[in-house]
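Undergrad: Have a look at this one.
Protein chains: 2
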Amino acid sequence: MKTHQELLKKLRLLKEEAGSHSPSIITIKEGVPELEVKVDACFLSNPYATELFLDYFKRELIDTGGIKDLLEFYPSQNKVIAESLSGVIGIHPDNIFIGNGAIEIIQTVIQKYTKKKIVINIPTFSSYYEFVNDDVEVIYNKLYKENNFDLNIDEYVELVKHERPDTVVLINPNNPNGGYLSSEKIAHLLRELRDVKNFILDESFIHFAFENEYYDLKTASNLVYKFPNLILIKSMSKDFGIAGIRAGYAVMNSRRVQELLLNGFLWNSNGLSEYFFRLYTRDNFLSEYEAVRVKYIKETQEFIKELNQIPNIKVYPSMANFALVEILNGDTSDDFVFNMLIKYGIYLRTCSDKIGINGEFVRLASRTKSENKYIIESFTKELSK
Amino acid sequence: MKTHQELLKKLRLLKEEAGSHSPSIITIKEGVPELEVKVDACFLSNPYATELFLDYFKRELIDTGGIKDLLEFYPSQNKVIAESLSGVIGIHPDNIFIGNGAIEIIQTVIQKYTKKKIVINIPTFSSYYEFVNDDVEVIYNKLYKENNFDLNIDEYVELVKHERPDTVVLINPNNPNGGYLSSEKIAHLLRELRDVKNFILDESFIHFAFENEYYDLKTASNLVYKFPNLILIKSMSKDFGIAGIRAGYAVMNSRRVQELLLNGFLWNSNGLSEYFFRLYTRDNFLSEYEAVRVKYIKETQEFIKELNQIPNIKVYPSMANFALVEILNGDTSDDFVFNMLIKYGIYLRTCSDKIGINGEFVRLASRTKSENKYIIESFTKELSK
Numbered sequence: 323m324k325t326h327q328e329l330l331k332k333l334r335l336l337k338e339e340a341g342s343h344s345p346s347i348i349t350i351k352e353g354v355p356e357l358e359v360k361v362d363a364c365f366l367s368n369p370y371a372t373e374l375f376l377d378y379f380k381r382e383l384i385d386t387g388g389i390k391d392l393l394e395f396y397p398s399q400n401k402v403i404a405e406s407l408s409g410v411i412g413i414h415p416d417n418i419f420i421g422n423g424a425i426e427i428i429q430t431v432i433q434k435y436t437k438k439k440i441v442i443n444i445p446t447f448s449s450y451y452e453f454v455n456d457d458v459e460v461i462y463n464k465l466y467k468e469n470n471f472d473l474n475i476d477e478y479v480e481l482v483k484h485e486r487p488d489t490v491v492l493i494n495p496n497n498p499n500g501g502y503l504s505s506e507k508i509a510h511l512l513r514e515l516r517d518v519k520n521f522i523l524d525e526s527f528i529h530f531a532f533e534n535e536y537y538d539l540k541t542a543s544n545l546v547y548k549f550p551n552l553i554l555i556k557s558m559s560k561d562f563g564i565a566g567i568r569a570g571y572a573v574m575n576s577r578r579v580q581e582l583l584l585n586g587f588l589w590n591s592n593g594l595s596e597y598f599f600r601l602y603t604r605d606n607f608l609s610e611y612e613a614v615r616v617k618y619i620k621e622t623q624e625f626i627k628e629l630n631q632i633p634n635i636k637v638y639p640s641m642a643n644f645a646l647v648e649i650l651n652g653d654t655s656d657d658f659v660f661n662m663l664i665k666y667g668i669y670l671r672t673c674s675d676k677i678g679i680n681g682e683f684v685r686l687a688s689r690t691k692s693e694n695k696y697i698i699e700s701f702t703k704e705l706s707k
Numbered sequence: 323m324k325t326h327q328e329l330l331k332k333l334r335l336l337k338e339e340a341g342s343h344s345p346s347i348i349t350i351k352e353g354v355p356e357l358e359v360k361v362d363a364c365f366l367s368n369p370y371a372t373e374l375f376l377d378y379f380k381r382e383l384i385d386t387g388g389i390k391d392l393l394e395f396y397p398s399q400n401k402v403i404a405e406s407l408s409g410v411i412g413i414h415p416d417n418i419f420i421g422n423g424a425i426e427i428i429q430t431v432i433q434k435y436t437k438k439k440i441v442i443n444i445p446t447f448s449s450y451y452e453f454v455n456d457d458v459e460v461i462y463n464k465l466y467k468e469n470n471f472d473l474n475i476d477e478y479v480e481l482v483k484h485e486r487p488d489t490v491v492l493i494n495p496n497n498p499n500g501g502y503l504s505s506e507k508i509a510h511l512l513r514e515l516r517d518v519k520n521f522i523l524d525e526s527f528i529h530f531a532f533e534n535e536y537y538d539l540k541t542a543s544n545l546v547y548k549f550p551n552l553i554l555i556k557s558m559s560k561d562f563g564i565a566g567i568r569a570g571y572a573v574m575n576s577r578r579v580q581e582l583l584l585n586g587f588l589w590n591s592n593g594l595s596e597y598f599f600r601l602y603t604r605d606n607f608l609s610e611y612e613a614v615r616v617k618y619i620k621e622t623q624e625f626i627k628e629l630n631q632i633p634n635i636k637v638y639p640s641m642a643n644f645a646l647v648e649i650l651n652g653d654t655s656d657d658f659v660f661n662m663l664i665k666y667g668i669y670l671r672t673c674s675d676k677i678g679i680n681g682e683f684v685r686l687a688s689r690t691k692s693e694n695k696y697i698i699e700s701f702t703k704e705l706s707k
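Going down the list, the sequences are from chains D and C. Using this note's numbering, the letters of the first sequence map in sequence onto residues 323 to 707. Using this note's numbering, the letters of the second sequence map in sequence onto residues 323 to 707.
Structural data, given as structure tokens:
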């Protein structure tokens, strides 16, 4: 039996090796097999949607033997999958680019279109500034904890007009805090910033946000027709809980889609991501998905409310499927994360590697109802001391 | 019941839409559901290896429920998979780059490293010249049917030294004819052309080539230590019959691997390709694979020998898992392909869209023994008239 200190040492080493991302749960399990990971609260996904997808997967691909064709044959080309996705997202196929995960699209648009200067709000998802070419100037627009990490729209517009970047990036809801800009505010920003060549809007967490009591899904994707500078990026890993499949898409100006497809991205989807995209267009799957989406949002909001009752932490407002939590018990965020992993088997995301965040912060994903309950109990136990 | 002419019209339309690649079998089945496709001889893969992979897949992922983790969680990052692959291919992990299929690597190296001029043998796999940036000069080195599409080494070296390109591309065995350059010749070319910045060697079909009676696998990958300009690209879709999974790798100078990983390719593998790469390193899988590799090579060479007996075609020598066949019965290659599909359900690859090939050519894949038998019988029936 390893001591707490020995486990800590091993975990610190794994974290160091992973750089600005967290070591995956597999890496943790392989590197520190003594640990029992009970809840992966680092992992941002709707677990009910994973179950739903797995039901279809089992019924339609495993039980029928159809999986063989998906593994053996070449998937369809990019524009064929774009055509099938077109109806369900209400966007013309010429404006859709299919990615091997959203991360491929982030890499591509940042490297291809950002030539001069980029304005990025921080804290944020690090790939947006890590993927820029060496000669691009990065302007960080800091969001302050004193303002709940909210974006001040007027100051932001002023900053962008002053800096004149070729690219701005907004993540809505933002990662890692979950701050949400209403669709009205996004439209306002697009109007104000129509001179910025690339307006990147990452809606990877938009399925968890809502503006009315019916939890209706809001997206800015159809603004692409009005604002040709809009590059909307959407991961499917979070809302559908299928990160291993690698599925994402972008909605953008048709000229850009054409330009990208002219010299590449021929078979960048795999057989399973093609299956997923086609499943996503089907009515029965969609209505079942809508039910688990709303169920998960309700549970997530309830979870955040309960977190708010726990002493020695501060929970920031979120419209995503996670909450940014400030640790006020004197621990560093890394030590708090390792401690919760060793003592309770709960794996959290430390924010110590994120730039633009002062203080000790962790990001905490909402999981299943029973897992959330276990998290609340463990946090309460640990933090009420 | 559609007439032959109506089916022909539909097929011609699908071919037009697919550009310089063939419409996939799924596109054909969806577009012309009246057709019964019995043998997909367009598809270049070892069907026995597909079966072997599916055995493991079913036993280890489906029966155990392990598939859930692969679909749900993020796969490992590029360098983690490179480390696991290192042992089996005998290359240091720093020299390995993992791709979302070989096609992603082709796109990346051609767009990133080819700045000026590229020398490409034709006929060849079209992506190599289609993916170049607009301002790159493409020099086509024509291979002649009169010479069995063999590369004349001395003339080639002379051409390259005269043209002074920054990139040369060799596919070994070559696609679409299967012509093979011995490992000795490849080493000679690398010595002669060490001043060319990027020496791209595509070994996607190398598992089907052999130089001795034991069918020992030959690869030039370890020459990367001696020739830092070597960029060796390897698809896993052909030898393992798993095109839907999207798995490929490159072996190159560690500086290049590092450069690529510095700004991207973070999660470009999916859960299944990671599973495949890890499986590929295991002794039991490897020895079973070696058996089906040799079995398939023997059957393929036997198939090519039998094709040679059929009148009104000419079969070119091949060390790959396909043969380039010249149609000498007066049909155009497109019409021959459509005809064989409508009358016999055999789907062939027309070469009408390939540049650098004069005459009517089709590419014919070796499939299972019984499928090959059916192809021989159908060809004999059709061409003996």
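Yeah, the Cβ is synthetic: ideal placement off N, Cα and C, and Gly gets one too. All of these numbers come straight from a predicted model, not from anything done at the bench.
Kindly list the residues whose CB is nearer than 7 Å to the CB of Tyr450(D), restricted to its own chain and excluding five residues on each side of it in sequence; keep chain order.
TA: What you label residue 450(D) is simply residue 128 of the first sequence in a count that begins at 1. Cβ neighbours of Tyr450(D) beyond the five flanking positions: Ile428, Ile432, Ile442, Val491.
Undergrad: Should Pro397(D) and Glu596(D) be called a contact, given that it needs their Cβ atoms to be closer than 7 Å?
TA: Within the first sequence, the letter at position 75 stands for residue 397(D). Within the first sequence, the letter at position 274 stands for residue 596(D). Yes, the Cβ-Cβ distance between Pro397(D) and Glu596(D) is below 7 Å.
Undergrad: Terminal residues of the continuous beta strand (DSSP E) containing Thr702(D)?
TA: If you number the first sequence from 1, residue 702(D) lands on position 380. Run containing Thr702(D): none in the beta strand (DSSP E); it sits in the alpha helix (DSSP H), 691-705.
Undergrad: Relative to the C-alpha of Phe527(C), which candidate in Ser688(C), Pro633(C), Lys467(C), Ile475(C) has its C-alpha closest?
TA: Here residue 527(C) refers to the residue found at position 205 when the second sequence is read from its first residue. Closest option to Phe527(C), Cα to Cα, is Ser688(C).
Undergrad: Could you check if Ile493(D) is buried or exposed, using at least 16 other CB atoms within 10 Å of its CB as the buried criterion?
TA: Taking the first sequence and counting its residues from 1, one reaches residue 493(D) at position 171. Buried, by the Cβ-count rule.
Undergrad: Going along chain A in order, which residues have a C-beta closer than 8 Å to the C-beta of Gln433(C)?
TA: Going by chain labels, chain A is absent from the structure shown, which instead holds the protein chains D and C.
Undergrad: Closer than 9 Å by beta-carbon distance: list the chain C residues that pair up with Thr672(D), in chain order.
TA: Taking the first residue of the first sequence as 1, we reach residue 672(D) at position 350. Correct list: empty, because the minimum Cβ distance to chain C is about 17 Å.
Undergrad: Identify whether Ile649(D) lies in helix, strand or coil by the three-state DSSP scheme.
TA: As a working mapping, residue 649(D) is identified with position 327 in the first sequence. Three-state result, Ile649(D): strand.
Undergrad: Using only CA atoms, which one of Phe549(D), Ser591(D), Trp589(D) lies nearest to Ser576(D)?
TA: The residue you call residue 576(D) lines up with position 254 of the first sequence. The shortest C-alpha separation from Ser576(D) is found at Phe549(D).
Undergrad: Can you find the residues in the same chain that come closer than 6 Å, C-beta to C-beta, to Ile350(C), ignoring five residues on each side of it along the sequence?
TA: Within the second sequence, the letter at position 28 stands for residue 350(C). Answer for Ile350(C): no residue qualifies.
Undergrad: Starting from Asn463(C), follow its DSSP beta bridges and name the residues at the other end.
TA: Here residue 463(C) refers to the residue found at position 141 of the second sequence. According to DSSP, which records beta bridges pairwise, Asn463(C) is partnered with Asn443(C).
Undergrad: Name the residue from Leu329(C), Ser367(C), Ser543(C) whose alpha carbon lies nearest to the alpha carbon of Glu352(C).
TA: On the second sequence, position 30 is the one that residue 352(C) refers to. Ranking Leu329(C), Ser367(C), Ser543(C) by Cα distance to Glu352(C) puts Leu329(C) first.
Undergrad: Counting only runs of 3+ residues fully inside the stretch 481-568 of chain C, write out the beta strand (DSSP E) ranges in chain order.
TA: If we require 3 residues or more, the beta strand (DSSP E) runs fully inside the stretch 481-568 of chain C come out as 489-493, 520-524, 552-557.
Undergrad: Hey, does Tyr451(D) have any beta-carbon neighbour from chain C nearer than 7 Å?
TA: Position 129 of the first sequence holds residue 451(D). Chain C, which has no Cβ nearer than 7 Å to the Cβ of Tyr451(D), makes this no.
Undergrad: For Ala363(D), which residues in chain C fall below 7 Å Cβ to Cβ?
TA: In the first sequence, the residue the question calls residue 363(D) occupies position 41. Simply none; closest approach about 14 Å.
Undergrad: Hey, would you say Thr702(C) sits closer than 7 Å to Glu682(C), going by beta carbons?
TA: Residue 702(C) sits at position 380 when you count from the first residue of the second sequence. Residue 682(C) sits at position 360 when you count from the first residue of the second sequence. With contacts defined as CB atoms closer than 7 Å, Thr702(C) and Glu682(C) fail to qualify as a contacting pair.
Undergrad: Cβ closer than 7 Å: which chain D residues qualify as neighbours of Ala509(C)?
TA: Working through the second sequence from its first residue, we reach residue 509(C) at position 187. Neighbours of Ala509(C) on chain D: none; closest Cβ ~31 Å, over 7 Å.
Undergrad: Out of Lys540(C), Lys360(C), Gly388(C), Gly421(C), state which residue places its alpha-carbon closest to the alpha-carbon of Phe587(C).
TA: By 1-based counting over the second sequence, the position of residue 587(C) is 265. Cα-wise, what sits closest to Phe587(C) is Gly421(C).
Undergrad: I need the straight-line Cα distance from Ser559(D) to Ser640(C), nearest angstrom please.
TA: Within the first sequence, residue 559(D) is the residue found at index 237, counting from 1. Within the second sequence, residue 640(C) is the residue found at index 318, counting from 1. Going from the Cα of Ser559(D) to the Cα of Ser640(C) covers about 43 Å.
Undergrad: Under a three-way DSSP split, which group does Thr325(D) fall into?
TA: As a working note, residue 325(D) is residue 3 in the first sequence. Three-state result, Thr325(D): coil.
Undergrad: Using a Cβ-Cβ cut-off of less than 9 Å, list which residues of the stretch 391-404 of chain C approach chain D; keep chain order.
TA: Asp391, Leu392, Leu393, Glu394, Phe395, Tyr396, Pro397, Ser398, Gln399, Val402
Undergrad: For a test of the three-state rule: what should DSSP assign to Thr436(C), helix, strand or coil?
TA: Sequence index remark: in the second sequence, residue 436(C) carries index 114 (1-based). In this structure, Thr436(C) counts as coil in the three-state DSSP scheme.
Undergrad: Would you say Gln429(C) lies against chain D (beta-carbon separation less than 7 Å)?
TA: The residue you call residue 429(C) lines up with position 107 of the second sequence. Interface criterion met: the Cβ of Gln429(C) is under 7 Å from a Cβ in chain D.
Undergrad: Tell me whether Tyr638(C) sits in a helix, a strand or coil according to DSSP, three-state version.
TA: What you label residue 638(C) is simply residue 316 of the second sequence in a count that begins at 1. Looking at Tyr638(C) - three-state DSSP - the assignment turns out to be coil, as it is neither helix nor strand.
Undergrad: Opposite Ala572(D) in the DSSP bridges: which residues?
TA: Your numbering for residue 572(D) matches position 250 in the first sequence. Its beta-bridge partners are Phe419(D), Ile555(D).
Undergrad: Which two residues bound the contiguous beta strand (DSSP E) that contains Leu686(C)?
TA: Position 364 of the second sequence, counted from the first residue, corresponds to residue 686(C). Note, Leu686(C): beta strand (DSSP E), 683-687.
Undergrad: Quick check on Ala565(C) - is its C-beta less than 7 Å from some C-beta in chain D?
TA: Sequence index remark: in the second sequence, residue 565(C) carries index 243 (1-based). Judged by the 7 Å Cβ criterion, Ala565(C) is in contact with chain D.
Undergrad: Can you pull the chain C neighbours of Glu426(D), defined as C-beta to C-beta under 7 Å?
TA: Stepping through the first sequence from its first residue, residue 426(D) is reached at position 104. Result: Asn590.
Undergrad: Could you spell out the range, first to last residue, of the alpha helix (DSSP H) harbouring Asp656(D)?
TA: For this step, residue 656(D) is matched to residue 334 along the first sequence. Annotation: the continuous alpha helix (DSSP H) that includes Asp656(D) extends over 655-666.
Undergrad: Could you have a look at Val359(D) and say whether DSSP puts it in helix, strand or coil?
TA: As a first step, residue 359(D) must be located in the first sequence, where it is residue number 37. Correct three-state label for Val359(D): coil.
Undergrad: Check whether the Cβ atoms of Asn463(D) and Tyr638(D) sit closer than 7 Å, and answer yes or no.
TA: On the first sequence, residue 463(D) is found 141 positions in, with the first residue counted as 1. On the first sequence, residue 638(D) is found 316 positions in, with the first residue counted as 1. The answer is no: Cβ separation not under 7 Å.
Undergrad: Near Ile522(C), which residues of its chain fall below 6 Å by C-beta distance, leaving aside the five closest residues on each side in sequence?
TA: Along the second sequence, read from residue 1 onward, the residue named residue 522(C) stands at position 200. Excluding positions up to five away in sequence, the list reads Val491, Ile553.
Undergrad: Tell me, to the nearest whole angstrom, how far the beta carbon of Val482(D) is from that of Val518(D); I am working on the premise that it is less than 8 Å.
TA: If you number the first sequence from 1, residue 482(D) lands on position 160. If you number the first sequence from 1, residue 518(D) lands on position 196. Val482(D) to Val518(D), Cβ: 6 Å. Contact.
Undergrad: Quick check: is the beta carbon of Arg689(D) nearer than 7 Å to any beta carbon in chain C?
TA: Looking up residue 689(D) in the first sequence gives position 367. No, because no Cβ of chain C sits closer than 7 Å to the Cβ of Arg689(D).
Undergrad: Span of the alpha helix (DSSP H) holding Gly409(D)?
TA: Start at 1 with the first residue of the first sequence, and residue 409(D) comes out as number 87. Element bounds for Gly409(D): 400-411.
Undergrad: Any chance the stretch 387-407 of chain C sits against the stretch 565-575 of chain D, with 3 or more Cβ pairs inside 8 Å?
TA: yes
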